[in-house]
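Numbering (our numbering), first residue to last: 10 to 255. Glycine residues also receive a C-beta, built at the ideal position from the N, C-alpha and C atoms. Report on the structure given below.
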């Protein structure tokens, strides 16, 4: 452990599996005190495994009351908030636009775009009281390239990139940095639900010829949370093995 996050308090949403779980493990090794949020219940297992200063909270990020309670619980437990990792997200139905339901559109936008907005809305005042902080959101390469039949997902991730840039511009002078990670295909529970032929075609389209491990996204989140990135804000970090360069 290099201790890059010693003394820091971090909220991680979607912490029960995948990139959130991998980031929780890495942040814990680097000395952070953690609040792990999810709706799955698996955040309890992650917190128990990490032990010590890791608190598990049930939170639906699309609900303002849940997010406000999450931030309040963090402040009550640890007295401050330094890092917010808006990681919770869903892919939604894979359906053409003319068949996409309004309810499903609202569900995807609610979690993927409204969720990070709510996270920022309630976290920023606490960060300002602590002298600043770092906000990282998990967007997607779908913010840059289209994936047919995933209109809500692509729209939510594109919107999240612009939310990131706007927040960065608003709070750069007050010690809060805001950045986004744009993963490509990552080995998570979400990607494992894709048909095998789809996974194979995606793998073949990646110049590095492989699907990333969730820990490779966690490493970028650590960089953006630490003082190593002290002069970086409003930026997007693509983690896709070269997929979008072709």
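Here's the rule: buried if 16 or more other CB atoms are within 10 angstroms of the residue's CB, otherwise exposed. What is residue 210?
So residue 210 ends up on the exposed side.
Grab me the residues of residue 225's own chain with a C-beta within less than 7 Å of its C-beta, minus the 5 sequence neighbours each way, in chain order.
So the qualifying residues of the chain are 248.
Just to confirm, are residue 87 and residue 32 a CB contact at a threshold of 8 Å?
Going by C-beta atoms, residue 87 is not nearer than 8 Å to residue 32.
Are there any heavy atoms of the ligand NAD lying less than 7 Å away from the beta-carbon of residue 217, as far as the coordinates show?
For the structure depicted, the ligand NAD is absent and the ligand set is empty, with no information on it obtainable.
Once the 5 residues before and after residue 241 are set aside, which same chain residues still bring their CB inside 8 Å of it?
Around residue 241: 186, 188 and 233.
In whole angstroms, what is the alpha-carbon distance linking residue 71 and residue 126?
Roughly 9 Å separates the two Cα atoms.
Do the region 105 to 112 and the region 52 to 60 meet, that is, are 3 or more Cβ pairs less than 8 Å apart?
Not touching, per the Cβ criterion.
Following the continuous beta strand (DSSP E) through residue 118, name the residue where it begins and the one where it ends.
Not the beta strand (DSSP E): residue 118 falls in the alpha helix (DSSP H), residues 111 to 118.
Helix, strand or coil: which one does DSSP assign to residue 13?
Three-state DSSP puts residue 13 in coil, outside helix and strand.
For residue 42 and residue 79, I'd like the C-alpha separation in whole angstroms.
One C-alpha to the other measures close to 14 Å.
Taking the alpha-carbon positions, what's the residue 69 to residue 137 distance?
Straight-line Cα distance between these residues: approximately 24 Å.
I'd like to know whether the C-beta atoms of residue 222 and residue 196 end up nearer to each other than 8 Å.
Yes.
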